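Asker: The following block contains the structure, expressed as structure tokens.
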Amino acid sequence: NPTAAQYALIGATTAGALSGSGLTLMNSVVGAQVTTGVDTIAEVESLATIVGRVLTTAAGGTPTPLLSVADLEALGVTGATAESLPAIRAAIAATADDGSGVETLSLLQAVVTAGSGDAAAALAQLRDYTGAAPVPTATTYVTAGVTGVSAGNVAAMNSALAVLASGATDTVAEIQAVVDAYAVILAEANGAAADATPGVNPTAAQYALIGATTAGALSGSGLTL
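The following block contains the structure:
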């Protein structure tokens, strides 16, 4: 297998800086390429940069930019989608910090496949929730790819999902819209404290979106009140 010194010798400095599991993954990725996939230094360096992002993610770090679907596809990994990507990143981060859990293309593929399955299962749980067990947790939302849900507001979000039809919550985008709308409503409920966002008030559409149909039917002075 190519050594780090050999990568460095041809001018692939990023690849030349890899070691341990990083170098092993790099060689595994190169081994799956056809010659035209690595017949320029730019191509080799691009792969090495992505390998670096995988290793940073595995170590629990946050690479810049974040590991993307395009990155994984460039390495030769299949099955990743934008919706499953948060779960995939979490699955990679859950492997050994030294990268040994993703040091070959087959190991990385297995982790990605498992992460994609976790995302699909989490989305199905959110879609099908009716108020009965199993009750989604904040982690369920994160795994599905939905942001903005925490231990402090997950009960509110679950109450919205429980009254909405499954057809209105069967995609990540639909659930995210519900979460975002409820976040605006929760932010409005500031009690005696000064309104942190006086120029932002919930709309009738946002009330309707979370399943509050009576509030969603208000307009004019009714909505203002």
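Quick note on our numbering: the sequence shown kicks off at -8 and runs consecutively. Ideal placement from N, C-alpha and C gives every residue a C-beta, glycine not left out. In this text the structure is predicted, and so the values were computed from the model without any measurement.
On a CA-only basis, which of 11, 6, 89 is nearest residue 51? Give me that one, please.
Answerer: Here the closest residue by C-alpha is 89.
Asker: Indicate the three-state DSSP secondary structure (helix, strand or coil) for residue 149 in the structure shown.
Answerer: Reduced to three states, the DSSP call for residue 149 is helix.
Asker: Can you tell me where the alpha helix (DSSP H) holding residue 12 begins and where it ends?
Answerer: From DSSP, the alpha helix (DSSP H) with residue 12 extends over 11 to 22.
Asker: By the three-class DSSP mapping on this structure, what secondary structure does residue 29 have?
Answerer: Coil at residue 29, not helix or strand.
Asker: Give me, in chain order, the residues of the same chain whose beta-carbon lies closer than 6 Å to that of residue 77; leave out the 5 immediate sequence neighbours on both sides.
Answerer: Within the same chain, residue 77 has close Cβ partners 136.
Asker: For residue 56, which residues from the same chain have a beta carbon less than 6 Å from its beta carbon, with the 5 sequence-adjacent residues on both sides left out?
Answerer: Here the set comprises nothing.
Asker: Could you compute how far the alpha carbon of residue 175 sits from the alpha carbon of residue 202?
Answerer: Between residue 175 and residue 202, the C-alpha separation is close to 14 Å.
Asker: Roughly how many angstroms separate the alpha carbons of residue 64 and residue 115, rounded to a whole number?
Answerer: Rounded to whole angstroms, residue 64 to residue 115 spans 25 Å at the Cα level.
Asker: Assuming the contact rule is C-beta atoms closer than 8 Å, residue 17 and residue 0 should be a hit. Round their C-beta distance to whole Å, please.
Answerer: Not quite, the Cβ-Cβ distance comes to about 15 Å (not below 8 Å), so this is no contact.
Asker: Taking residue -2 as part of the alpha helix (DSSP H), name the residues at either end of that continuous run.
Answerer: Note, residue -2: alpha helix (DSSP H), -5 to 0.
Asker: Three or more C-beta pairs closer than 8 Å, one from the stretch 102 to 122 and one from the stretch 67 to 85: is that the case here?
Answerer: Counting Cβ pairs under 8 Å, three or more are found: they touch.
Asker: Buried or exposed, going by whether 16 or more other CB atoms sit within 10 Å of the CB of residue 186?
Answerer: Residue 186 should be labelled exposed.
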